[in-house]
Amino acid sequence: MLKIDTYIVKITKFPDGTKRIEIPSAVFMPTFSEKVFEHPITKTITWCYDSDEEVFSLLAVADRIKTAFPIVNLELNMPYIPNARMDRVKSKQEVFTLKTFCNLINSVGFSKARVLDPHSDVSAALINNIEITPTLARRVYDFYPQDKNFLVMYPDAGAAKKFNISKEYIIGNKARDWSTGSIYDYCIIDNGIDVKDRNILIVDDICSYGGTFLLAAKALKSMGANEIYLHVDHCENSILNGELIKSGLLSGITTTDSIYTKQHDLIKVIKEYRT
């Protein structure tokens, strides 16, 4: 999905599959202050990622805006950074797709590029003029009943370092086979805290199928945990095809609409970008 300011860009296809892009006429009308005070025009493109093919539409729209307004502060809202998982290569056969993607974004010359939780420090370093929006996890308690008295759990040490939203917390520890990507061992570091009968809130940045969170929930239940909830800033639609959502171990999930576009009774979507 692409928006310019508050206006949704219409994107369709010609019979040969190429894009037909229409920008609402209101985008080209200067505001009162721009007319009277001759301020530089600021336009903001919001891009909520659905597929890689949208990158071309983003570049084309940015090019049109820069042509229409030669003096323009062009800003980008991109809550989710695609390709952030491919933030390193381990062999010459692998392609550093994150770097290529960031080069394309930088070629536009955005005066700001706002992102929500970049997932990888490498992606944050590769994007020019990046502005990182504070993770919603830092105010995640706003979305849950206060009487739950949650014990926060971070699924790994990286999440604990990134979020740091509670003085009382436990951490998951996973052993991964990097040649296959699979996790072959998972345990809980309880920091001397009794998990029995506690309500747990697991906090992380992203979820695909939810395999790590499933292992965490199983371990927590074996320790006597009561209700288990999950918050991730970015939730991929693929969660609906994983075992986590079907396991019955979670009492609720919260996420933003950065990339999640489906509906499920267990998942509460915090509307931030696609409205």
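If you're matching positions, the sequence shown starts at 0 in numbering that gives the first Met the number 0 and goes up one per residue. Virtual Cβ for every residue (Gly too), placed ideally from N, Cα, C. It should be emphasised that the depicted structure is a prediction, and the values quoted were computed from it without experimental measurement.
Residue(s) in a DSSP beta bridge with residue i
i: Lys18; result: Lys12
i: Glu93; result: Its beta-bridge partners do not exist; DSSP assigns none.
i: Lys267; result: Thr253
i: His118; result: Partner(s): none; His118 has no beta bridge.
i: Tyr168; result: Val151
i: Arg175; result: Ile182
Among the options, the one whose alpha carbon lies nearest that of residue i
i: Gly210; options: Lys195, Glu226, Val194 and Lys173; result: Lys173
i: Asp196; options: Leu150, Ala25, Ser110 and Glu52; result: Leu150
i: Leu125; options: Glu52, Arg87 and Cys47; result: Arg87
i: Tyr272; options: Ile188, Asn198 and Met77; result: Met77
i: Ala215; options: Met85, Phe95, Ser237 and Ser246; result: Ser246
i: Leu239; options: Gly223, Pro69, Lys267 and His263; result: His263
i: Ser221; options: Ile187, Ser237 and Thr253; result: Ile187
i: Ser181; options: Tyr208, Pro81 and Pro23; result: Tyr208
i: Lys147; options: Ala224, Cys47 and Asp51; result: Ala224
i: Ser24; options: Pro14, Lys9, Asp15 and Gly16; result: Lys9
i: Lys131; options: Phe95, Ile80 and Ile192; result: Reading the sequence as shown, one finds Ile at residue 131 and not Lys. For the residues Phe95, Ile80 and Ile192, the minimum Cα distance to Ile131 belongs to Ile80.
i: Cys206; options: Ala158, Ile70 and Val114; result: Ala158
i: Lys12; options: Trp46, Thr5 and Glu53; result: Glu53
Opening and closing residue of the beta strand (DSSP E) in which residue i lies
i: Cys101; result: Per DSSP, Cys101 belongs to no beta strand (DSSP E); it is in the alpha helix (DSSP H), Thr96 to Val107.
i: Lys245; result: It is not in any beta strand (DSSP E) - Lys245 carries neither H nor E in the DSSP assignment.
i: Glu74; result: Val71 to Asn76
i: Glu130; result: Ile129 to Thr132
i: Leu229; result: Ile227 to Cys234
i: Cys206; result: Ile199 to Cys206
i: Thr45; result: Ile40 to Trp46
i: Leu1; result: Leu1 to Ile3
i: Tyr183; result: Ser181 to Ile188
Proximity of residue i and residue j at Cβ, strictly below 7 angstroms
i: Lys18; j: Ser56; result: yes
i: Ile170; j: Tyr143; result: no
i: Phe109; j: Leu58; result: no
i: Leu249; j: Leu213; result: no
i: Phe27; j: Ala67; result: yes
i: Lys42; j: Ile64; result: yes
i: Ala112; j: Ile129; result: yes
i: Thr134; j: Asp116; result: yes
i: Ile3; j: Ile44; result: yes
i: Asn127; j: Phe100; result: no
i: Thr253; j: Lys267; result: yes
i: Met85; j: Leu103; result: no
i: Tyr228; j: Gly251; result: yes
i: Asn198; j: Glu167; result: no
Alpha helix (DSSP H) segment containing residue i, residue limits
i: Arg113; result: Not the alpha helix (DSSP H): Arg113 falls in the beta strand (DSSP E), residues Lys111 to Leu115.
i: Val301; result: The displayed coordinates of the chain run from 0 to 274. Any statement about residue 301 would go beyond what the structure contains.
i: Leu214; result: Gly210 to Ser221
i: Lys161; result: Ala156 to Phe162
| message | Does the contact criterion of 3 or more C-beta pairs under 8 angstroms hold for the region 227-245 versus the region 256-274? | response | yes
| said: Could you check whether the region 202-209 touches the region 154-168, counting it as contact only if at least three pairs of C-beta atoms, one from each stretch, sit closer than 8 angstroms? | reply: yes
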